[in-house]
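Asks:
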Amino acid sequence: MDAVQVLEKVFGEDYGSLKGKRLRMTRLRIPGKEVCMAHVFTPMDQNVYINLGLNIGVHEGEDHFGEAVGIIRFTPWEAVIAAADCALKSADVSLGFMDRFNGSLIITGELEQVKTAVNSTVDFFDKDLGFAVCKVFGA
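For the sequence shown, the numbering used here begins at 334 and goes up steadily by one.
(1) Please name the residue in A371, G399 and N388 whose C-alpha comes closest to that of D378.
(2) Roughly how many angstroms separate the alpha carbons of G353 and V337, rounded to a whole number?
(3) Quick one: what does DSSP say T473 is sitting in, helix, strand or coil?
(4) Out of curiosity, what's the CA-to-CA distance linking F470 and V373?
(5) For C467, name the three-state secondary structure that DSSP assigns.
(6) Take K366 as the anchor and find which of W410, D347, V339 and V402 has the nearest alpha-carbon.
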């Protein structure tokens, strides 16, 4: 969808009268209690680990290539703190990245361990905390 199509969809019938005028679009996010995305995968290209920053801060000789990666996204964003705790307690995984300002959690480890951690975390948020949850993709 190009910019004109987006504007036509957003403004509907008013788009004709707004055409040619300066418009300002503001993105607004109203967080609810939601697990927005949950995905488990094993990258086949080392560049994926590098682009995710999973090669930063590792001990000399340590290499995460070949490990599975679990990514979970939350709103409200602070929920990622409880999610990291849950994931680390439910399986033998490592914390790859946690962003409490955007609600992103990345965990790494053996494929079955990452699947267990992601599924356990999503289940906890669903059953115990009453979050709306998505299906875990790749598990």
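C-beta atoms are modelled at their ideal positions from N, C-alpha and C, and glycine is treated no differently.
Replies: Taking the definition as stated:
(1) G399
(2) 11 Å
(3) No information on residue 473 is available, as it lies outside the stretch 334 to 472 that the chain covers here.
(4) 6 Å
(5) coil
(6) W410
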